[in-house]
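Visitor: This structure is in structure tokens; I'll ask about it shortly.
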Amino acid sequence: MSRLLPFISCVYSVFSPRSSRVISWRGSPSISPLLSPIPTGLTRVLAAGKKSLVDFPVLNEDELKEQFVRGSGPGGQATNKTSNCVVLKHIPSGTVVKCHQTRSVETNRKRARDIMREKLDVFYKGELSEVVVKKKDLELRKQEKKRKATENLERKRLFKDALAADSKPGNDTV
Amino acid sequence: MWRSAGYRCFGPKGLLGYLAVRTFSAPALPAGRITALQAMDFWKRHFVERGVTEPDHSSHYILAYLLGAKTIESLEQRKLTEFLSPEKTEQMWKLCSRRLSRMPVQYVIEEWDFRDLTLKMRPPVFIPRPETEELVELVLTDLQMKSGTGVGADNQHTCLEVGCGSGAISLSLLKSLPQLKAIAVDQSQAAVDLTGENALRLGLQDRLQIHHLDVMKEAETVLSLSSSVSVLVSNPPYLFSEDMTTLEPEIFWFEDHAALDGGNDGLKVIKQILTLAPQILSDHGHVYLEVDPRHPPLIQRWVEANVEDMHYVETRHDICGRPRFCILQREESNRDHKLDLD
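Taken in sequence, the protein lines are chains L and B.
Its first residue numbered 1, the first sequence is counted upward by one per residue in UniProt numbering.
Its first residue numbered 1, the second sequence is counted upward by one per residue in UniProt numbering.
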């Protein structure tokens with residue numbers, strides 16, 4: 001997947017004045033500006049009604065924040081820190097993924113996103129199932145109510161008919 | 001897997017590092033058997049005591065390497081509670097003792113990863129930094145676009161790298177683009193050798209030419225190698241000379257200063273690359289540079305004033321939001337350029 005025109009909003013937080021560690025939280029660079037930003041969950045809901053379901057939610061980079069540890073200096077050649085753990089946070093759902101599977105920051109970033117997609121799929125699919133189940137339950141209850149109401153009406157009608165038939169002359173039912 | 005070879009000494013700083021190992025007494029091997037977790041814990045505490053930076057990361061990477069993995073997190077957790085064999089324990093002690101001298105982990109285990117490649121590392125050849133992985137992404141996007149356009153989809157592109165070090169950039173590009181050819185130069189014979197070794201290990205040697213050249217002193221030779229280069233890429237030495245003295249021991253004692261020191265303003269090698277760029281690049285070819293965060297506006301001004309036929313395209317930021325990459329483009333020109341090396 002080629003990345004076009006990343007944009008960055010950077011927030012630095014120094015953990016302690018003495019420490020040389022700086023962790024920077026940043027908005028993730030957008031993977032593609034061509035996709036209109038839709039909330040991740042919404043993609044799934046919209047797709048659910050259609051015949052072909054989207055398998056994994058599309059990650060919207062605008063909703064992600066990444067964390068790295070790279071030192072407080074200028075970085076680059078001036079630093080040789082080996083910590084390349086990536087922490088990825090999905091803001092709307094609060095899901096956090098931590099990845100330190102490899103010694104490459106770039107690879108860890110990609111894998112963190114893969115894991116995030118899986119987690120969000122479960123997250124949203126789970127919700128979706130619940131919604132559907134609840135809906136079905138509600139529908140069933142409505143139908144039950146209706147059926148009982150109809151039955152009652154029918155019983156009343158029959159009873160009325162029976163009464164009318166009884167009160168006709170020639171009937172000896174005192 | 002791990003050889004008991006010593007590391008080479010390279011002049012005063014290397015010798016200092018070597019002496020440092022000699023003067024530090026390494027802790028004795030444990031009497032009984034210990035688990036991986038116990039070994040890591042022991043060395044983490046020992047690193048802390050000795051003022052070795054990144055004590056936990058250092059012990060983790062070394063142990064993971066010994067167990068055949070890249071990181072501790074990628075290992076099955078139960079493996080960490082198993083006892084280490086006497087051999088592995090001895091290796092752990094030997095490698096961690098090297099780290100006591102502030103030798104970078106990458107040199108201790110003699111390898112490191114760059115994007116999807118595992119590269120051999122050897123002092124004093126410069127260790128690839130994570131920022132440079134993004135430089136490669138930028139170049140890849142460019143080359144993929146260049147390959148996609150054009151009638152008949154002519155995919156025969158060549159890139160030239162100045163200052164290849166361990167070969168990280170060129171080999172990464174070659175691995176990702178099967179049609180690409182690369183030319184790599186470095187003023188260090190050690191770097192040229194290491195790039196060659198890594199190329200062979202990765203099976204990429206057929207598409208890579210490596211030359212031992214100093215771009216400052218042998219510009220004409222560099223120019224003679226390059227014909228229709230689509231991309232010129234470099235992570236040149238860009239530190240300011242005055243900043244060299246504040247480098248951490250891992251860098252100052254063990255890495256080649258010539259790979260780091262860019263002169264008073266850090267622009268010595270960068271300026272030379274950009275001066276030669278119009279003659280190296282084909283029309284509309286691009287230059288991709290990794291630089292110091294202070295450089296981009298300086299480079300833009302300098303190029304506009306001093307290098308006809310090159311124009312500054314844009315500055316890109318690294319993963320920590322620092323201005324880090326400069327992209328320039330060679331303008332179309334019909335004129336014949338004469339080499340002017342004053």
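No residue lacks a Cβ here, since even glycine has one placed at the ideal position from N, Cα and C.
Exposed or buried, residue 121 of chain B, counting other C-beta atoms within 10 Å across all chains shown (16 or more means buried)?
Guide: Residue 121 of chain B comes out buried.
Visitor: Would DSSP call residue 167 of chain L helix, strand or coil?
Guide: Looking at residue 167 of chain L - three-state DSSP - the assignment turns out to be coil, as it is neither helix nor strand.
Visitor: Pull up the distance between the alpha-carbon of residue 328 of chain B and that of residue 312 of chain B, whole angstroms please.
Guide: Going from the Cα of residue 328 of chain B to the Cα of residue 312 of chain B covers about 4 Å.
Visitor: What is the DSSP secondary structure of residue 116 of chain B, reduced to helix, strand or coil?
Guide: Of the three classes helix, strand and coil, the one that applies to residue 116 of chain B here is coil, per DSSP.
Visitor: For a contact meaning CB atoms closer than 9 Å, what does residue 127 of chain B contact in chain L?
Guide: Neighbours of residue 127 of chain B on chain L, chain order: 80.
Visitor: Can you name, in chain order, every residue of its own chain whose Cβ lies under 7 Å from the Cβ of residue 118 of chain B, other than the five neighbours on each side?
Guide: So the qualifying residues of the chain are 111.
Visitor: Which residues of the region 98 to 109 of chain B have a Cβ closer than 8 Å to any Cβ of chain L? Give them in chain order.
Guide: Answer in chain order: 104, 105 and 106.
Visitor: Do the region 262 to 272 of chain B and the region 282 to 295 of chain B touch if we need at least three Cβ pairs shorter than 8 Å?
Guide: At 8 Å Cβ cutoff, the stretches touch.
Visitor: Counting C-beta neighbours from all protein chains within 10 Å, is the total for residue 345 of chain B 16 or more, i.e. buried, or is it exposed?
Guide: Since the first residue of chain B shown is 1 and the last is 342, residue 345 of chain B is not available in this structure.
Visitor: Please go through the region 138 to 184 of chain B and give each complete beta strand (DSSP E) segment of 3 or more residues, from N-terminal end onward.
Guide: For the region 138 to 184 of chain B, whole beta strand (DSSP E) runs of length 3 or above, ordered along the chain, are 158 to 162.
Visitor: Output the distance between the C-alpha atoms of residue 301 of chain B and residue 325 of chain B, rounded to the nearest integer angstrom.
Guide: Near 15 Å, if we compare the C-alpha coordinates of residue 325 of chain B and residue 301 of chain B.
Visitor: Alpha carbon to alpha carbon, what distance is there between residue 31 of chain B and residue 131 of chain B?
Guide: For residue 131 of chain B and residue 31 of chain B, the distance between alpha carbons rounds to 43 Å.
Visitor: What are the complete beta strand (DSSP E) segments, minimum 3 residues, inside the region 268 to 315 of chain B?
Guide: For the region 268 to 315 of chain B, whole beta strand (DSSP E) runs of length 3 or above, ordered along the chain, are 281 to 290.
Visitor: Does the beta carbon of residue 319 of chain B come closer than 8 Å to any beta carbon on chain L?
Guide: Residue 319 of chain B counts as touching chain L.
Visitor: DSSP beta-bridge partners for residue 208 of chain B?
Guide: Beta-bridge pairing links residue 208 of chain B to B/182.
Visitor: Can you check the region 67 to 96 of chain L for any beta strand (DSSP E) of at least 3 residues that lies completely inside it and give the ranges in chain order?
Guide: If we require 3 residues or more, the beta strand (DSSP E) runs fully inside the region 67 to 96 of chain L come out as 86 to 90.
Visitor: Going along the chain, which residues of the region 43 to 61 of chain B sit with their C-beta nearer than 7 Å to a C-beta in chain L?
Guide: Listed by position, the residues of the region 43 to 61 of chain B near chain L (Cβ gap below 7 Å) are 54, 57 and 61.
Visitor: Which residues in chain B have a C-beta closer than 8 Å to the C-beta of residue 103 of chain L? List them in chain order.
Guide: By Cβ distance, chain B contributes 61, 70, 71, 112 and 113.
Visitor: I'd like to check one pair, residue 57 of chain L with residue 153 of chain L: are the Cβ atoms closer than 8 Å?
Guide: No, the Cβ-Cβ distance between residue 153 of chain L and residue 57 of chain L is not below 8 Å.
Visitor: Would you verify that the beta carbon of residue 118 of chain L is, or is not, closer than 8 Å to some beta carbon of chain B?
Guide: So, not an interface residue.
Visitor: Just to confirm before moving on: does the CB-CB distance between residue 73 of chain B and residue 101 of chain L stay below 8 Å?
Guide: Yes, they are a contact pair.
Visitor: Going straight from the alpha carbon of residue 272 of chain B to that of residue 137 of chain B, what length do you get?
Guide: Distance between the alpha carbons of residue 272 of chain B and residue 137 of chain B: 24 Å.
Visitor: On the DSSP letters alone, give me the boundaries of the beta strand (DSSP E) that residue 101 of chain L sits inside.
Guide: Taken as a continuous stretch (DSSP letters only), residue 101 of chain L belongs to no beta strand (DSSP E), as it is neither H nor E.
Visitor: Quick one: does residue 324 of chain B have its CB under 8 Å from some CB of chain L?
Guide: Chain L contact via Cβ: present.
Visitor: Given a cut-off of 8 Å on the beta-carbon distance, is the pair residue 191 of chain B and residue 108 of chain B in contact?
Guide: Taking 8 Å as the Cβ cut-off, residue 191 of chain B and residue 108 of chain B do not qualify as a contacting pair.
Visitor: Around the Cβ of residue 66 of chain L, are there at least 16 other Cβ atoms within 10 angstroms (buried) or fewer (exposed)?
Guide: By the neighbour-count rule (16 or more Cβ atoms within 10 Å), residue 66 of chain L is buried.
Visitor: Beta-carbon of residue 17 of chain L versus every beta-carbon of chain B: anything under 8 Å?
Guide: At residue 17 of chain L, the pLDDT of 35 sits below 50, so the modelled position is not reliable and the matter cannot be decided from this model.
Visitor: May I have the straight-line CA-CA distance separating residue 253 of chain B from residue 196 of chain B, to the nearest angstrom?
Guide: Taking the straight line joining both Cα atoms gives about 24 Å.
Visitor: Can a CB atom of chain B be found closer than 8 Å to the CB of residue 77 of chain L?
Guide: Yes, residue 77 of chain L lies at the interface with chain B (some Cβ there is under 8 Å from its Cβ).
Visitor: Express the C-alpha separation of residue 162 of chain L and residue 138 of chain L in angstroms, rounding to a whole number.
Guide: Using only the alpha carbons, I get a separation of about 36 Å.
Visitor: Mind pulling the chain L residues with CB within less than 7 Å of residue 293 of chain B?
Guide: The contacting residues are 74.
Visitor: Would you report the Cα separation of residue 83 of chain B and residue 76 of chain B, rounded to the nearest angstrom?
Guide: Rounded to whole angstroms, residue 83 of chain B to residue 76 of chain B spans 14 Å at the Cα level.
Visitor: Can you say whether residue 159 of chain L is buried or exposed, counting buried as having 16 or more other CB atoms within 10 angstroms of its CB?
Guide: With fewer than 16 other Cβ atoms within 10 Å, it is exposed.
Visitor: Nearest-angstrom Cα distance between residue 212 of chain B and residue 236 of chain B?
Guide: Whole-angstrom Cα-Cα distance: 15 Å.
Visitor: With H, G and I counted as helix, E and B as strand and the rest as coil, what does DSSP make of residue 254 of chain B?
Guide: Coil at residue 254 of chain B, not helix or strand.
Visitor: Hey, is the region 239 to 258 of chain B in contact with the region 200 to 207 of chain B, meaning 3+ C-beta pairs nearer than 8 Å?
Guide: As far as the Cβ criterion goes, the region 239 to 258 of chain B does not touch the region 200 to 207 of chain B, which means the pair count is below three.
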